[in-house]
Amino acid sequence: MDQNVFDVVVVGAGFAGLSAARNCQSAGRSVLVLEARDRVGGKAERQFDAEGRAWDGGGQFFCRDMTELSELVRELGFAKARTWLKGDYRFYPPQPDEVVEAADTAAEALRERLRTLDPDDPALGNETVETWLSRWESTTLGKAAFRSMVEGLWCRPLSDIPLWFLVSNDRRNTNEENELKRFLPEGMQALAEALAARLGEGVIRLGDPVAEIRQTASDCTLTLQSGSTVRARQVIIAVPPVAARGIALTPAPSPGLARALSAWSSGSVVKMLLRYERPFWRALGASGMITAPGSGSFSCDASLEGQEEGRLIVFLGGPLAEEWAACSEEARRALVLERLTPLGPQAAHPLDITARNWIDDRYSGGGYGDVITDAEARDAERLLRTGEGRLRFASSELSMAFPCYIEGALLSGRAAAALTLSALAADDVRR
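UniProt numbering applies: residue 1 is where the sequence shown begins, and numbers increase by one.
What follows is the structure, given as structure tokens:
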């Protein structure tokens with residue numbers, strides 16, 4: 001074999017790409033990882049507050065049901081922190097406890113009704129989640145709470161999301177423990193860096209995006225934006241579908257694969273850290289969790305044990321994130337603090353607010369993940385999981401479990417690696 005040709009080149013050094021690379025390398029294959037950014041981790045990104053201390057600007061939380069991620073944390077020796085979940089769960093605008101409980105019950109009933117549907121049922125047609133929700137009787141606040149949950153998690157308006165896609169996606173999140181239960185004090189990017197280090201020196205090249213992948217009968221040539229080229233027998237494109245379609249493929253992909261790549265739209269999400277002198281909400285009997293029925297906003301307590309400082313994480317998803325992004329700095333601050341009024345007047349006086357805007361992110365597309373918005377593209381995920389020619393795809397969106405979580409990224413990377421190793425073995429026989 002030509003010593004200048006890698007067995008596998010992985011495009012993207014997020015958790016999907018790192019997982020794929022590790023599995024291929026463990027099988028004895030030569031691997032190179034190409035990353036457009038100047039860091040590893042993908043949507044697990046280290047940000048810094050006003051005092052220069054790190055916080056998770058991207059992926060952060062997990063639970064014990066996410067077994068791949070939990071095992072990786074254990075293997076790499078990272079300490080875990082428990083998220084403060086004790087106390088009241090509150091609504092914005094503030095509502096009496098019995099109203100919150102009734103709305104929560106109604107929203108959960110709608111979600112259970114959703115889970116009775118078969119995503120492969122042709123009767124679902126091209127119906128959107130918006131039209132489905134409009135047909136069901138429920139309380140106004142219950143429907144609003146359901147809308148907030150979906151737009152907050154999938155980060156698109158309900159009118160954009162095909163019903164079958166939401167049904168399929170939701171049933172693949174099978175955790176029984178709260179997905180917010182744990183986080184890493186050192187941060188998720190630090191975990192990605194530790195995983196990348198296990199691959200060895202020189203395996204990852206940073207800061208040079210892949211512009212084109214050209215396939216031939218014998219191998220692939222990847223041309224980077226710098227003009228340099230790399231050759232590989234197999235390629236794993238381990239970036240979200242919207243980002244993947246930004247890479248030129250030669251020859252052009254089949255019509256099926258081209259449509260599968262074009263079927264997705266990126267989610268809109270903004271994540272913020274608000275620091276306070278102390279977690280005052282705990283003394284008020286509040287957990288720090290607030291949702292705003294009718295809009296995709298959610299907050300939770302991410303304060304670190306042993307520190308007096310209080311930390312609230314606020315997520316804005318879907319149309320609300322777009323609204324925030326269009327505001328002035330002053331209006332952005334007002335929008336966020338208004339949604340924290342259920343915690344009382346102290347919530348209006350954070351030490352500082354730091355935000356990470358993921359809308360139209362250059363290399364990730366958006367967050368938390370991409371969403372299929374072409375209702376007729378029911379085979380898009382299957383086609384991308386299968387790949388074409390010498391190309392395979394990996395991303396959290398394609399995972400059979402926990403899509404759009406770090407767990408899903410790890411699983412997707414492993415699945416793409418398995419297909420790639422099989423293809424290499426078959427190629428070895430032909431050679």
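Glycine included, every Cβ here is placed at the ideal spot set by N, Cα and C.
Please read all numbers here as calculations on a predicted model, not as lab measurements.
- The criterion of a C-beta distance shorter than 9 Å is not satisfied by Ala-20 and Gly-41.
- Collapsing the DSSP output to three states places Thr-216 in coil.
- Taking Ala-194 as reference, the option from Ala-283, Glu-397, Arg-39 with the minimal CA-CA separation is Arg-39.
- Taking the Cα of Glu-376 as reference, the smallest distance to any Cα among Gln-60, Arg-147, Thr-131, Arg-259 is reached at Arg-259.
- Spanning the alpha carbons of Ser-399 and Leu-284 requires a straight line of approximately 40 Å.
- In the same chain as Ile-237, and ignoring 5 residues on each side of it, the C-beta atoms closer than 6 Å to its own belong to Val-11, Ala-244, Phe-393, in chain order.
- Here Ser-287 is near Trp-84, since their CB atoms are less than 9 Å apart.
- In the three-state reduction of the DSSP assignment, Phe-165 falls in the helix class, which pools H, G and I.
- Taking a contact to require three or more Cβ pairs closer than 8 Å, the stretch 312–319 and the stretch 131–143 do not qualify as touching.
- Residue range 54–56 is occupied by the beta strand (DSSP E) that includes Trp-55.
- With a cutoff of 9 Å on beta-carbon distance, Phe-78 and Leu-184 are scored as near each other.
- Judged by DSSP secondary structure, Val-150 falls within the alpha helix (DSSP H) whose first and last residues are 140–154.
- Listed in chain order, the non-local C-beta contacts of Leu-158 below 7 Å within the same chain comprise Thr-128, Val-129, Glu-130, Leu-133, Arg-147, Val-150, Glu-151, local neighbours out to five positions each way being set aside.
- The distance from the Cβ of Ile-290 to that of Arg-333 is about 17 Å, inconsistent with a contact at the 8 Å cut-off.
- Runs of beta strand (DSSP E) with 3 or more residues, each lying fully within the stretch 239–270, are found at 248–250, 264–266, listed in chain order.
- Secondary structure note for Phe-15: its alpha helix (DSSP H) is the uninterrupted segment 15–26.
- Closest option to Trp-136, judged by alpha-carbon separation, among Trp-154, Arg-113, Leu-391, Pro-122: Arg-113.
- DSSP places Glu-35 inside the beta strand (DSSP E), whose first and last residues are 31–35.
- Residues of the same chain with a CB within less than 6 Å of the CB of Ala-36, apart from the 5 flanking positions on each side, are Pro-209, Tyr-363 in chain order.
- If you look at Gln-47, you'll find it isn't in any alpha helix (DSSP H); it sits in the beta strand (DSSP E) that goes 46–48.
- A distance of 9 Å or more separates the beta carbons of Glu-305 and Glu-277.
- Counting C-beta atoms within 10 angstroms of its own C-beta, Arg-171 has fewer than 16 neighbours from the protein chains shown and is therefore classed as exposed.
- For the 9 Å CB-CB criterion, Phe-62 and Arg-182 form a contact.
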